[in-house]
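Working notes, structure below.
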Amino acid sequence: MKTAVGMRPFSLLSRSAGAAFLTPAGLLIGAFVIAPFFWVIYVSFTNRTLLGRTALNPEFIGLANYVSLFDAASFFTRGEFGFSLILTIQFVLLSALAGQAALGMLLAWMLQTVPKTLKSLTEMVVIAAWILPEVVIAFAWFAFLDYDNGTLNMIMEGLGLPKGDWLLSFPFWVIVVFNTWRGTAFSMMLFNSAFSSIPPSYFQAADVAGATSWQKFRDIGLPLIRGHVVTDLILITMWTFNVFTPFLLTNGGPSYRTEILPIYTYRVAFRDFEFGKGAAVGVIVMLINLVFALFYLWVTRRRARGVAA
Numbered sequence: 500m501k502t503a504v505g506m507r508p509f510s511l512l513s514r515s516a517g518a519a520f521l522t523p524a525g526l527l528i529g530a531f532v533i534a535p536f537f538w539v540i541y542v543s544f545t546n547r548t549l550l551g552r553t554a555l556n557p558e559f560i561g562l563a564n565y566v567s568l569f570d571a572a573s574f575f576t577r578g579e580f581g582f583s584l585i586l587t588i589q590f591v592l593l594s595a596l597a598g599q600a601a602l603g604m605l606l607a608w609m610l611q612t613v614p615k616t617l618k619s620l621t622e623m624v625v626i627a628a629w630i631l632p633e634v635v636i637a638f639a640w641f642a643f644l645d646y647d648n649g650t651l652n653m654i655m656e657g658l659g660l661p662k663g664d665w666l667l668s669f670p671f672w673v674i675v676v677f678n679t680w681r682g683t684a685f686s687m688m689l690f691n692s693a694f695s696s697i698p699p700s701y702f703q704a705a706d707v708a709g710a711t712s713w714q715k716f717r718d719i720g721l722p723l724i725r726g727h728v729v730t731d732l733i734l735i736t737m738w739t740f741n742v743f744t745p746f747l748l749t750n751g752g753p754s755y756r757t758e759i760l761p762i763y764t765y766r767v768a769f770r771d772f773e774f775g776k777g778a779a780v781g782v783i784v785m786l787i788n789l790v791f792a793l794f795y796l797w798v799t800r801r802r803a804r805g806v807a808a
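Sequential numbering of the sequence shown, starting at 500, is according to our numbering.
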């Protein structure tokens, strides 16, 4: 490329070109991620609300919002922060760790022994379920569990069994099963790829030695995919901790029995209009997510060093 005398040639690989391409993305991130992040932190130290005097002129109240969230007198009361935090921990343990991870690994291991055609068909169905919008999935489950015209109750009646009001009688277990069903696809695909990367000769040698499927899983499969297991557990824990989709099924009820932290934050900030208190909850959730993210980065770097060594 010809250039004027005394001018440097422009290259797409130069630092100036890279800065020019990154500037629009940096401005967008600054406007829609970084600025709101610091704004939420600031609001968490005020009594800002949507209505009333503090809507236009919020007052700085220091740590009052955080103190109210951790008030020992009401910490375990339904509808309060402590109850939602404990409920969220139970939700994560049951639906993410005991549900998605365990069921995803079981399905992935079973796929290693089925014919290739059936394996490909199963993978296609799982991916299709994974990419469906969450609103569509939630509506399908609501139609499935509806008391009057739900598919499940129609099946129960056809079998001569009494109908159940699942969303009223067992709301927490409904969202646990729903989130497990929704998220198992990711774990299954990740573990399926991990198992497929193991050399077949390892399992063939185990077959010659007369090893059972459990022995092959315990002594060969699981030890060789430990890094993938840690990655899966961290990611699904973060996703489940922040999931909002159960709101579409139960609206956080009945009587706050399914009000996990994302739903609690939404209620406080956008229904009760206590922006300051809602921002304080958001800051706490961000700190918890930061711990998960730092742990994930630490594990990733440790794995990278182990591979390099």
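C-beta atoms are modelled at their ideal positions from N, C-alpha and C, and glycine is treated no differently.
Here the structure is a predicted model, which is why all the values come from computation and not from measurement.
query: In this structure, what does DSSP give as the bridge partners for T587?
result: For T587, which the question treats as bridged, DSSP gives no partner whatsoever.
message: Considering Cα atoms alone, identify which of L617, K715, T576 and Y565 is closest to S700.
response: K715
- request: Please work out which residues of its chain come closer than 6 Å, Cβ to Cβ, to G578, disregarding the five sequence neighbours upstream and downstream, and give them in chain order.
  value: Y755
- request: Between the Cα of L689 and those of W608, L793, M785 and V542, spot the shortest distance and give me the residue it belongs to.
  value: W608
Separation of R725 from L667, as counted between CA atoms: 40 Å
- request: Specify the secondary structure class of M500 as computed by DSSP and reduced to three states.
  value: The predicted model places M500 with a pLDDT of 47, which falls under 50 and marks its position as unreliable, so this point remains unresolved.
message: Under DSSP, the alpha helix (DSSP H) around D731 begins and ends at which residues?
response: R725 to F740
- request: Out of L592, N750, D645 and L747, state which residue places its alpha-carbon closest to the alpha-carbon of D664.
  value: Nearest of L592, N750, D645 and L747 to D664, Cα basis: D645.
- request: For T545, write down the residues that DSSP places opposite it in a beta bridge.
  value: F559
message: Using only CA atoms, which one of I762, K615 and L734 lies nearest to A580?
response: The residue you asked about is not Ala; residue 580 is Phe in the sequence shown. The residue with the shortest Cα to Cα distance from F580 is I762.
task: Would you kindly work out how many angstroms separate the C-alpha atoms of T730 and G551, rounded to a whole number?
output: 47 Å
message: Applying the 10 Å Cβ sphere with the 16-neighbour rule, what's the burial state of T545?
response: buried
task: Pull up the CB-CB distance for W629 and F685, whole angstroms please, since I reckon it's below 8 Å.
output: 6 Å
query: Could you check where the alpha helix (DSSP H) with Y755 kicks off and where it finishes?
result: Taken as a continuous stretch (DSSP letters only), Y755 belongs to no alpha helix (DSSP H), as it is neither H nor E.
message: In whole angstroms, give me the CA-to-CA distance for S513 and V780.
response: 44 Å
message: Using a Cβ distance threshold of 8 Å, determine whether the segment 781-794 contacts the segment 532-545, with at least three qualifying pairs required.
response: yes
N-terminal and C-terminal residue of the alpha helix (DSSP H) that V676 is part of: P670 to S695
F746 (DSSP reduced to helix, strand or coil): helix
- prompt: Who are the Cβ neighbours of R800 in its own chain at under 6 Å, not counting the five residues just before and after it?
  reply: none
task: Answer yes if the segment 598-618 comes into contact with the segment 673-680, meaning at least three C-beta pairs across the two stretches below 8 Å, and no otherwise.
output: Output reads yes: the segment 598-618 touches the segment 673-680.
task: Pair every Cβ in the segment 789-796 with every Cβ in the segment 727-744, then say whether three or more of these pairs are closer than 8 Å.
output: Result yes; three or more Cβ-Cβ pairs closer than 8 Å.
- request: Please check the pair S567 and K776, which I expect to be a contact at CB under 8 Å, by giving their CB distance rounded to whole angstroms.
  value: 7 Å
- prompt: L616 lies in the alpha helix (DSSP H); which residues open and close that run?
  reply: The sequence shown places Thr at residue 616, not Leu. Run containing T616: K615 to I630, per the alpha helix (DSSP H) assignment.
Reduced DSSP category for N648 - H, G, I as helix; E, B as strand; rest coil: coil
task: Mark E558 as exposed unless 16 or more other C-beta atoms lie within 10 angstroms of its C-beta, in which case mark it buried.
output: Flag for E558 reads exposed.
task: Report yes if the CB atom of E773 is closer than 7 Å to the CB atom of T576, and no otherwise.
output: No, the pair does not count as a contact, with Cβ atoms beyond the cut-off.
field: Proximity winner among L721, L526 and I787, relative to M604 (alpha-carbon distances)
entry: Of the listed residues, the one whose Cα sits closest to M604 is L721.
query: Closest by CA to I636, which one among G682, F520, Y565 and P670?
result: G682
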